[in-house]
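Undergrad:
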Amino acid sequence: MSLGQVPGNSCSSKRPRHVVLAGNEILSEKYLIDLLKQKGLQPVASSSLKETQFLLAQRETVLAICHASSSDGTFRDLLGALGKSSKVPVIVCADYYDPRLYLEAMELGAFDYFTYPYHGDGVEWVVGNALQAASHEKSASSRQVKTLKEGVPC
Numbered sequence: 001m002s003l004g005q006v007p008g009n010s011c012s013s014k015r016p017r018h019v020v021l022a023g024n025e026i027l028s029e030k031y032l033i034d035l036l037k038q039k040g041l042q043p044v045a046s047s048s049l050k051e052t053q054f055l056l057a058q059r060e061t062v063l064a065i066c067h068a069s070s071s072d073g074t075f076r077d078l079l080g081a082l083g084k085s086s087k088v089p090v091i092v093c094a095d096y097y098d099p100r101l102y103l104e105a106m107e108l109g110a111f112d113y114f115t116y117p118y119h120g121d122g123v124e125w126v127v128g129n130a131l132q133a134a135s136h137e138k139s140a141s142s143r144q145v146k147t148l149k150e151g152v153p154c
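Residues in the sequence shown are numbered from 1 upward in steps of one, following the numbering used here.
#1: Nearest CA to the CA of residue 133: which residue from 121, 122, 29 and 112?
#2: Decide if the segment 40–55 is in contact with the segment 66–86; the criterion is three or more beta carbon pairs, one per stretch, under 8 Å apart.
#3: Quickly, what does DSSP pair residue 91 with across the bridge? List them, please.
#4: Once DSSP output is grouped into helix, strand and coil, what is the label at residue 119?
#5: Span of the alpha helix (DSSP H) holding residue 15?
#6: Quick check: the segment 62–77 against the segment 93–109, are at least 3 beta-carbon pairs closer than 8 Å?
#7: CB residue 110 to CB residue 126, shorter than 7 Å?
#8: Which residue marks the beginning of the beta strand (DSSP E) containing residue 46, and which one marks its end?
#9: So, for residue 19: in the same chain, excluding its five sequence neighbours on each side, which residues have a beta-carbon less than 6 Å away from its beta-carbon?
#10: Between the alpha carbons of residue 39 and residue 119, how many angstroms are there, rounded?
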């Protein structure tokens with residue numbers, strides 16, 4: 001599923017769909033922020049692990065995108081604090097590809113992993129799949145059945 005298939009503005013009248021962007025370097029990624037906004041998602045910046053945990057606890061968040069390291073911790077700390085049963089998918093991103101880092105992130109419960117510089121189609125695919133997975137989790141927990149053709153529920 002690409003992010004292009006995720007309805008952009010159909011949910012905006014109900015409530016915002018927040019995406020927490022965690023880490024110092026990710027905050028400067030205009031491409032990623034613009035892509036999320038184009039699809040009706042509301043990026044929320046976080047520059048520390050504590051702030052990220054606070055935002056995830058206080059806001060209805062559909063996705064978290066976490067840089068491999070932050071000013072006060074790493075993706076390991078965030079995933080450890082959230083646990084593997086987190087209902088919010090976490091995508092880990094880094095400025096280089098390291099297969100060991102990728103495997104570690106996945107073992108700790110990350111939804112996926114991507115690297116800078118971003119490749120548009122790849123980012124859209126990963127984010128779209130994470131939103132789809134989150135919507136299935138939400139639907140399953142509320143016992144609502146949605147088909148993929150109906151889109152991602154708000």
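Where a beta carbon is used, it is the ideal one built from N, C-alpha and C, also for glycine.
TA: To lay it out plainly:
#1: 112
#2: yes
#3: Paired residue(s): 65 and 112.
#4: coil
#5: Element bounds for residue 15: n/a, residue is neither H nor E.
#6: yes
#7: no
#8: It spans 41–46 - the beta strand (DSSP E) in which residue 46 sits, taken as one unbroken run.
#9: Answer for residue 19: 36, 41, 43 and 63, listed in chain order.
#10: Cα to Cα, residue 39 sits roughly 17 Å from residue 119.
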